[in-house]
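*Asks:* Structure provided below as structure tokens; questions to follow.
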Amino acid sequence: MSRFKVSKFRHTEARPPRREAWITDIRAGTTSSCGNHIKSSCSLIAFNSDRTGVLGIVPLEGQGENKRHVTHLGCHSDLITDLDFSPFDDFLLATGSADRTMKLWRLPASGQALPPGPGLVLGPEDTRVEVLQFHPTVDGILVSTAGTAVKVWDVAKQQPLTELAAHRDLVQGAVWSRDGALVSTTCKDKQLRIFDPRAKPEASQSTQAHENSKDGRLVWTGTQEHLVSTGFNQMREREVKLWDTRHFSSALTSLTLDTSPGSLMPLLDPDSGLLVLAVTQCLLENVLRGAALVPRRALAVMGCEVLRVLQLTDTAIVPISFHVPRKAVEFYEDLFPDTAGCVPASEPHSWWAGSNLQVQKVSLNPTCQPHPSFTSHLVPPTEPSPDAVQPAKLPTGNKDPSEGFSSPPSSLISPSTPSSLEPSLSSTSGIGTSPSQRSLQSLLGPSSKFRHAQGTILHRDSHITNLKGLNLTTPGESDGFCANQLRVAVPLLSSGGQVAVLELQKPGRLPDTALPTLQNGTAVTDLAWDPFDPHRLAVAGEDARIRLWRVPPDGLVEVLTTPEAVLTGHTEKIYSLRFHPLAADLLASSSYDLTIRIWDLQAGVERLKLQGHRDQIFGLAWSPNGQQLASVCKDGCLRVYEPRSSPEPLQEGPGPEGARGARIVWVCDGHCLLVSGFDSRSERQLLLYSAKALAGGPLAVLGLDVAPSTLLPNYDPDTSLVLLTGKGDTRVFLYELLPEAPFFLECNSFTSPDPHKGFVLLPKTECDVREVEFARCLRLRQTSLEPVAFRLPRVRKEFFQDDVFPDTAMSWEPVLSAKDWLGGANGQPQLLSLQPPDMTPVSQAPREAPVRRAPSSALYLEEKSDQQKKEELLSAMVAKLGNREDPLPQDSFEGVDEDEWD
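In the numbering used here, the protein residues as written are 79 to 980.
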């Protein structure tokens with residue numbers, strides 16, 4: 079009689095929700111990967127956004143009538159390829175990325191701030207991570223794939239337990255069996271493999287899955303004997319196959335669907351045995367970007383909801399509920415058998431030793447709840463100190479509780495916020511700090527007054543467009559282009575090392591014809607404008623020579639082939655050029671010959687040569703007073719020289735661990751050195767050193783993200799702000815630097831819609847102080863040059879913000895001549911006030927009396943009699959009707975005489 083058996087779910091119906099129940103205002107990513115792009119726990123939903131390396135986080139259930147708010151978590155520096163929630167901890171999320179790392183995140187409950195950084199980092203792998211999945215019975219075991227490698231990780235130890243072998247091509251999927259004993263993989267070599275990772279790294283069984291190598295997916299059924307695979311056949315038709323591990327040579331059955339190019343995403347509920355195949359069009363007209371099942375413990379069992387599928391489209395998450403029609407509203411045990419609970423069955427070491435304990439099942443009957451909860455120890459929740467809990471009780475209106483304190487208000491949370499640094503009690507919020515703000519700062523630590531900084535690309539009228547033939551392959555030690563208050567110099571890809579000089583005062587579209595250029599004669603490695611002569615440009619070449627060019631005051635009108643001077647002395651290709659900050663006609667250069675040479679440009683000769691480097695010099699920087707020179711080297715050392723005293727370094731200290739590149743800059747009035755580089759795992763980081771104690775190592779280290787390009791620091795000494803970005807990045811980090819803890823104060827970052835090829839800071843005099851513009855930069859794109867203004871929101875902008883704009887150094891006026899400096903003289907730069915004559919400093923502005931913004935409560939509490947209410951109503955009606963005694967318009971018209979009618 080088995081052939082007459084029918085499913086109890088045969089009448090299951092899908093119920094698309096009303097549009098009000100959709101999660102809208104999102105932008106989903108469209109880049110393809112082997113993951114499903116969206117996952118759900120019993121509390122949260124995580125999905126791939128359209129920003130590279132950024133996840134959207136939203137609560138699974140709405141709070142009353144309030145619209146669910148989507149926040150964004152910056153996880154990786156490259157595409158997020160897969161993600162997975164822990165089956166035991168609703169707030170533990172694992173992410174894998176094309177940046178070759180995996181990270182574990184402790185997500186907060188609704189309404190709390192997102193984490194400043196990952197709890198754990200696994201990797202890096204040899205290639206990008208494709209798929210990852212938590213173990214179904216043990217907390218702390220994870221399987222991942224990257225290229226042809228499949229690894230089983232002990233997450234707590236951050237080490238792989240084993241690496242599964244025998245894959246000859248890209249592994250497209252790896253899934254655990256429901257009991258956690260086996261791992262099954264699908265590979266681009268068309269093979270389906272089953273592994274027992276605790277027994278041996280080789281496959282115990284394998285067979286050909288689908289005839290086409292296009293994206294294949296896997297899912298186990300509720301037993302260890304059966305699994306389902308999806309893929310394509312030789313005719314490129316999508317198909318589904320059911321496999322029995324006891325007879326693995328061929329599929330039990332197969333189902334051919336259609337020839338759509340999109341992959342089938344199998345979503346299987348092991349308790350009910352229901353299989354959902356998410357395809358490109360599923361009940362909706364929107365293109366499907368991903369799909370996920372909501373855990374069974376989060377279903378509305380009293381409404382007979384047996385499945386809920388979350389469909390990710392370009393602009394919304396649509397929850398599709400599947401219900402079994404039943405007459406009575408009650409709990410049906412036949413539809414909802416006991417399901418796996420959220421308490422792991424064993425520890426990782428026990429499972430690896432051979433334990434096969436299964437997770438204890440719990441009833442879904444609401445009368446049997448609540449169930450035991452579990453919090454993973456892998457990334458423990460941050461326990462706030464008793465003092466830190468108090469500010470949450472203060473009245474904040476409709477504002478976010480973190481706004482105005484130490485976190486930026488942006489919903490994009492970077493993994494770069496320092497979490498391991500001790501908070502300092504010193505205030506840096508500027509003038510006019512109220513007692514309540516000071517008390518909050520003493521509890522939460524200092525916050526930057528620039529934390530709400532806003533970066534804006536200025537109007538297109540100020541852009542220089544139609545740039546053609548840019549040289550985008552300048553060495554990593556170069557910024558790629560340079561600018562002063564008048565001009566921009568950009569290397570071109572043309573032969574002969576040509577350099578285009580563009581006038582900032584003449585924005586607009588460049589002509590389609592060739593531009594007049596400087597014919598350098600060899601490939602350009604670096605270039606720099608003389609800060610004291612805006613018409614002189616120094617260009618370094620691969621021929622170990624430095625050429626000095628004189629640009630006419632009106633700009634280039636013809637091709638220049640003869641430089642003003644040529645400096646020779648280096649024996650290898652030159653890395654970088656740095657002009658002296660105070661003395662005229664002094665230039666420092668570094669080269670592959672492992673020396674730094676200081677040139678007298680007026681005489682055209684080399685004056686000093688600094689030695690002591692054992693490998694490539696990544697960067698060099700003059701101190702603000704011009705007395706010392708610092709360098710960072712590939713040999714892992716920082717060095718500080720006093721060039722006039724000795725050619726050997728005055729100090730040495732440990733630099734970044736990574737050898738991919740680094741930059742160095744003097745900060746905090748010359749008391750500290752900031753180095754941007756890489757750690758041993760290729761993560762970009764910032765290191766802050768005391769300039770007088772390099773040997774003691776960095777005062778603070780701040781990890782940012784994983785990206786191939788070196789961060790280029792642009793430091794503003796007036797505000798102590800550093801702007802950091804790399805070639806090919808879309809994000810500019812902003813930090814205020816302090817010489818004491820917490821050292822780094824994060825500010826709002828600036829994100830551009832497309833990658834930039836270079837980013838430089840313009841002189842302070844280019845800022846519009848009336849708009850509280852504290853920094854102006856130039857952003858080089860593939861075909862255009864755009865100014866970017868960084869401004870601070872202020873209420874009383876009619877006053878000069880003297881806390882933001884202290885007197886600035888006149889960097890365009892030399893203090894010394896080259897001869898004086900070489901003779902031992904020192905000096906201090908002259909200062910200039912940026913205050914316009916018609917503006918009053920905000921520190922001297924009269925204080926405004928507080929104005930009551932709402933009517934007095936007595937107005938609402940006063941009781942009115944019925945007669946008063948009636949009179950008010952009549953008065954209002956009369957006022958609308960107008961005065962009935964007023965003459966009508968036709969009364970003023972003049973008539974005609976009677977005889978005129980004839």
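Ideal Cβ positions, reconstructed from N, Cα and C, are used throughout, including at glycine.
1) With which residues is P238 paired in a DSSP beta bridge?
2) So L435 and S451 are in contact, right, with Cβ under 8 Å, and what is the actual spacing, rounded?
3) Does the separation of the CB atoms of Q302 and A252 fall below 8 Å?
4) Taking three-plus beta-carbon pairs below 8 Å as touching, is the stretch 835-842 in contact with the stretch 814-824?
5) Between T534 and the rest of its own chain, which residues show a CB-CB distance below 6 Å, the 5 nearest in sequence each way excluded?
6) Since A896 is in the alpha helix (DSSP H), which residue starts that stretch and which ends it?
7) Taking C-beta to C-beta, are R625 and G633 nearer than 8 Å?
8) Indicate whether the contact test is met: 3 or more Cβ pairs, each with one atom in the stretch 194-204 and one in the stretch 156-167, closer than 8 Å.
9) Can you tell me which residues form a DSSP beta bridge with R246?
10) Using 10 angstroms around the beta-carbon of D832, count the other beta-carbons present and answer buried if the total reaches 16, otherwise exposed.
11) Once you ignore the five residues that flank E926 on each side, which residues in its own chain have a CB closer than 6 Å to its CB?
12) Under three-state DSSP, which class holds W1048?
13) Starting from the C-beta of V710, find all residues in its chain whose C-beta is less than 6 Å away, skip the five residues before and the five after it, and write them out in chain order.
14) When the Cα of F852 is compared with those of S895, P820, V800 and V893, which residue comes out closest?
15) Check whether the stretch 895-907 and the stretch 557-573 are in contact - that is, three or more C-beta pairs closer than 8 Å.
16) In terms of alpha-carbon separation, which member of V207, H147 and L385 lies closest to L192?
17) Mind checking whether T205 and G225 have CB atoms under 8 Å apart?
18) Below 8 Å CB to CB, which residues in the same chain sit around E876 once its five sequence neighbours on both sides are set aside?
19) DSSP state of P426, grouped into three classes?
20) Looking at H537: is its Cβ nearer than 8 Å to the Cβ of S862?
21) If you pair each beta-carbon of the stretch 401-409 with each one of the stretch 332-343, do three or more pairs fall below 8 Å?
22) Should P589 and D539 be called a contact, given that it needs their Cβ atoms to be closer than 8 Å?
23) Distance check for K948 and M955, CA to CA, integer angstroms please.
24) Spatial neighbours of G294 within its chain, please: CB distance less than 7 Å, with the 5 preceding and 5 following residues excluded, ordered by chain position.
25) Leaving aside the five residues before and after G547 along the sequence, list all residues of the same chain whose C-beta is less than 8 Å from its C-beta, in chain order.
26) Taking just the CA atoms, how far does E818 sit from G781?
27) Drop a sphere of 10 angstroms on the beta-carbon of V920, count the other beta-carbons inside from all chains shown, and report buried for 16 or more, exposed for fewer.
28) Are P721 and L688 touching if we call contact CB-CB under 8 Å?
29) Taking the alpha-carbon of A531 as reference, which of D322, Y813 and Y793 has the nearest alpha-carbon?
30) Taking the beta strand (DSSP E) that E98 belongs to, which residues open and close that run?
31) Out of Q583, G218 and L388, point me to the one whose CA is closest to N114's CA.
32) Can you name, in chain order, every residue of its own chain whose Cβ lies under 6 Å from the Cβ of A992, other than the five neighbours on each side?
33) Using 10 angstroms around the beta-carbon of E636, count the other beta-carbons present and answer buried if the total reaches 16, otherwise exposed.
34) Ordered along the chain, which non-local residues of its own chain (more than five positions away) have a Cβ less than 8 Å from that of K292?
35) In terms of residue numbering, what span does the beta strand (DSSP E) encompassing M343 cover?
36) Identify whether K651 lies in helix, strand or coil by the three-state DSSP scheme.
*Replies:* According to the data block:
1) P238 is bridged to W231.
2) So it is not a contact: roughly 19 Å between Cβ atoms.
3) For Q302 and A252, no; Cβs fall outside 8 Å.
4) Pairwise C-beta distances place the stretch 835-842 out of contact with the stretch 814-824, as fewer than three of them are shorter than 8 Å.
5) So the list reads A867, once near-sequence residues are dropped.
6) That run of the alpha helix (DSSP H) goes A896 to L900.
7) If you check the CB distance, R625 and G633 do not come in under 8 Å.
8) These segments do not touch.
9) According to DSSP, which records beta bridges pairwise, R246 is partnered with nothing at all.
10) A residue is called buried when at least 16 other Cβ atoms come within 10 angstroms of its Cβ; D832 does not meet this threshold and is exposed.
11) Contacts found: none.
12) The structure shown does not extend to residue 1048, since the chain spans only 79 to 980, so no value can be given for it.
13) The residues are F696, G697, L716, G733, A740, I742 and V753.
14) The shortest C-alpha separation from F852 is found at V800.
15) No, because fewer than three Cβ pairs between the stretch 895-907 and the stretch 557-573 fall closer than 8 Å, the two stretches do not touch.
16) Nearest option by C-alpha distance: H147.
17) Cβ distance < 8 Å, so T205 and G225 count as in contact.
18) If you ignore the 5 residues before and after E876, its C-beta comes within less than 8 Å of the C-beta of M917, all in its own chain and listed in chain order.
19) Looking at P426 - three-state DSSP - the assignment turns out to be helix.
20) If you check the CB distance, H537 and S862 do not come in under 8 Å.
21) Too few Cβ pairs lie closer than 8 Å, so no.
22) Cβ atoms of P589 and D539: not closer than 8 Å.
23) Distance between the alpha carbons of M955 and K948 is about 11 Å.
24) Excluding its 5 nearest sequence neighbours in each direction, G294 has C-beta neighbours in its own chain below 7 Å: Q250, G251, T264, A287, H288, S307, T308 and G309, listed in chain order.
25) So the list reads L570, L571 and S572, once near-sequence residues are dropped.
26) Here the alpha carbon of G781 sits roughly 18 Å from the alpha carbon of E818.
27) It counts as buried.
28) Their beta carbons are under 8 Å apart, which means P721 touches L688 by this criterion.
29) A check of alpha carbon separations from A531 across D322, Y813 and Y793 identifies Y813 as the nearest.
30) Counting along the chain, E98 falls outside any beta strand (DSSP E), and DSSP gives it neither H nor E.
31) Nearest C-alpha to N114: L388.
32) Since the first and last residues shown for the chain are 79 and 980, residue 992 lies out of range.
33) With fewer than 16 other Cβ atoms from the protein chains shown falling within 10 Å of its own Cβ, E636 counts as exposed.
34) Close CB contacts of K292 within its chain, under the 8 Å cut and outside five residues either way in sequence, are with G309, F310, R314 and S341 (chain order).
35) Unbroken beta strand (DSSP E) run through M343: M343 to D347.
36) K651 falls in the coil class under three-state DSSP.
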